[in-house]
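Colleague: I am attaching a structure below and will ask some questions about it afterwards.
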Amino acid sequence: DTAVSQTPKYLVTQMGNDKSIKCEQNLGHDTMYWYKQDSKKFLKIMFSYNNKELIINETVPNRFSPKSPDKAHLNLHINSLELGDSAVYFCASSQDWQGREKLFFGSGTQLSVL
Amino acid sequence: AQSVTQLDSHVSVSEGTPVLLRCNYSSSYSPSLFWYVQHPNKGLQLLLKYTSAATLVKGINGFEAEFKKSETSFHLTKPSAHMSDAAEYFCVVSERGSGNTGKLIFGQGTTLQVKP
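In the order they appear, the protein sequences are chains A and B. Using the numbering used here, the first residue of the first sequence is number 5, and each one after it goes up by one. Using the numbering used here, the first residue of the second sequence is number 4, and each one after it goes up by one.
Set out below in structure tokens:
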């Protein structure tokens, strides 16, 4: 069983569209994250949630809106997609919101905005 | 403020020779330090972590890292490289202390190439 699963794996869309990426973890963790990896492989946190409560909200355009319906799910909705949003987006989970324990990563969603 | 610097963007070794991936960090408080590995088109996987216990940390697949506070370093080593070690490696710091939000800071990554 996949511990952290995100869908879709690939997402190709036009500028201006709205899209969502879904993430689910079956590890029983309270904390979930969204990371963005750019073309130079640099990883940066976007959001973290602990038990459905927003903990980290980095300087991310408000076109990006995370939603956590329960602690096993953290979805990412993106409005009015721009070319610069093209990247690989990783979902992750952890049993500790304070960054002391390992993160379990999904396999990533490669978003291409044309 | 915390930061992490991986000193080499690309390291190339021959199979069977030692691996050294260098990482320096900056932190106002006692840090937690991690090394993650990312194989092509995959998510990241934890290799090892340091959280103020033993300064020499052993991880998976024969990797280990030594926390040196005086040098603010956390270099990753492996005695003998295997072809399957070819991947991207990330050094990560998490700052502990007041106001800790659990934010992890990732280094820029080091690409490890292993030649037959």
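Where a beta carbon is used, it is the ideal one built from N, C-alpha and C, also for glycine.
Which chain B residues are close to residue 38/A, counting only those with a beta carbon under 9 angstroms from its beta carbon?
Modeller: The premise fails here: residue 38/A is roughly 13 angstroms from chain B at the closest Cβ pair, so nothing lies under 9 angstroms.
Colleague: Would you identify the three-state DSSP class for residue 87/A, choosing helix, strand or coil?
Modeller: Three-state result, residue 87/A: helix.
Colleague: Assuming contact is defined by CB atoms lying nearer than 8 angstroms, are residue 24/A and residue 46/B in contact in what I supplied?
Modeller: Contact flag unset, no.
Colleague: In whole angstroms, what is the alpha-carbon distance linking residue 116/B and residue 85/B?
Modeller: Roughly 10 angstroms between the two C-alpha positions.
Colleague: Closest by CA to residue 44/A, which one among 12/B, 59/B and 16/B?
Modeller: With distances taken between Cα atoms, residue 44/A lies closest to 12/B.
Colleague: Quick check on DSSP: helix, strand or coil for residue 64/B?
Modeller: Reduced to three states, the DSSP call for residue 64/B is helix.
Colleague: At the level of alpha carbons, what is the spacing between residue 63/B and residue 87/A?
Modeller: Whole-angstrom Cα-Cα distance: 38 angstroms.
Colleague: Ends of the beta strand (DSSP E) at residue 88/B?
Modeller: It is not in any beta strand (DSSP E) - residue 88/B carries neither H nor E in the DSSP assignment.
Colleague: Using C-beta distances below 8 angstroms, list every residue in its chain close to residue 20/B, excluding the 5 sequence neighbours before and after it, in chain order.
Modeller: Only 83 and 84 meet the Cβ criterion.
Colleague: Taking only beta carbons into account, state which residues of the segment 44–63 of chain A come closer than 9 angstroms to chain B, listed in chain order.
Modeller: Listed in sequence order: 44, 45, 46, 47, 48, 49, 52, 54, 59, 60 and 62.
Colleague: Closer than 9 angstroms, Cβ to Cβ, to anything on chain A: give me those residues from the segment 58–79 of chain B, in chain order.
Modeller: Taking 9 angstroms as the Cβ-Cβ cut-off against chain A, none of the residues of the segment 58–79 of chain B qualify.
Colleague: Whole beta strand (DSSP E) runs in the segment 12–70 of chain B with 3 or more residues, listed along the chain?
Modeller: Within the segment 12–70 of chain B, the complete beta strand (DSSP E) runs of at least 3 residues are 13–17, 22–24, 26–29, 34–41, 47–53 and 59–61.
Colleague: Cα-Cα, which of 99/A, 16/A and 113/A is closest to residue 33/A?
Modeller: Ranking the options by Cα distance to residue 33/A, first place goes to 99/A.
Colleague: Of the residues that make up the segment 15–40 of chain B, which ones have a beta carbon closer than 9 angstroms to any beta carbon in chain A?
Modeller: For the segment 15–40 of chain B, which is checked against every Cβ of chain A, the residues closer than 9 angstroms are 35, 37 and 39.
Colleague: For residue 15/A, which three-state DSSP category applies?
Modeller: Strand.
Colleague: Using a threshold of 8 angstroms, state whether the C-beta atoms of residue 19/A and residue 118/A are closer than that.
Modeller: It is a contact, given that the beta carbons lie within the stated cut-off.
Colleague: Find out if the Cβ-Cβ distance for the pair residue 69/A, residue 81/A is shorter than 8 angstroms.
Modeller: The answer is yes: Cβ separation under 8 angstroms.
Colleague: Any residues in the segment 102–113 of chain A with a beta carbon nearer than 9 angstroms to a beta carbon of chain B? Which ones, in chain order?
Modeller: Taking 9 angstroms as the Cβ-Cβ cut-off against chain B, the residues of the segment 102–113 of chain A that qualify are 102, 103, 104, 105, 106, 107, 108, 109, 110, 111 and 112.
Colleague: Any idea if residue 6/A is buried or exposed, counting beta-carbon neighbours within 10 angstroms, 16 or more meaning buried?
Modeller: Exposed is the call here.
Colleague: Excluding the 5 residues preceding and the 5 following residue 26/A in the sequence, name in chain order all residues of the same chain whose CB lies nearer than 7 angstroms to its CB.
Modeller: Result list for residue 26/A: 10, 11 and 79, in chain order.
Colleague: Spell out the partners DSSP gives residue 28/A in its beta bridges.
Modeller: 9/A and 77/A, per the DSSP bridge assignment.
Colleague: Using 8 angstroms as the threshold, is the C-beta distance between residue 38/A and residue 46/A below it?
Modeller: No, they are not a contact pair.
Colleague: Which term fits residue 113/A, buried or exposed, when burial requires 16 or more other beta carbons within 10 angstroms of its beta carbon?
Modeller: Buried, since its Cβ has 16 or more Cβ neighbours within 10 Å.
Colleague: Using 8 angstroms as the threshold, is the C-beta distance between residue 94/A and residue 41/A below it?
Modeller: Against a cut-off of 8 angstroms, the Cβ pair of residue 41/A and residue 94/A comes out as a contact.
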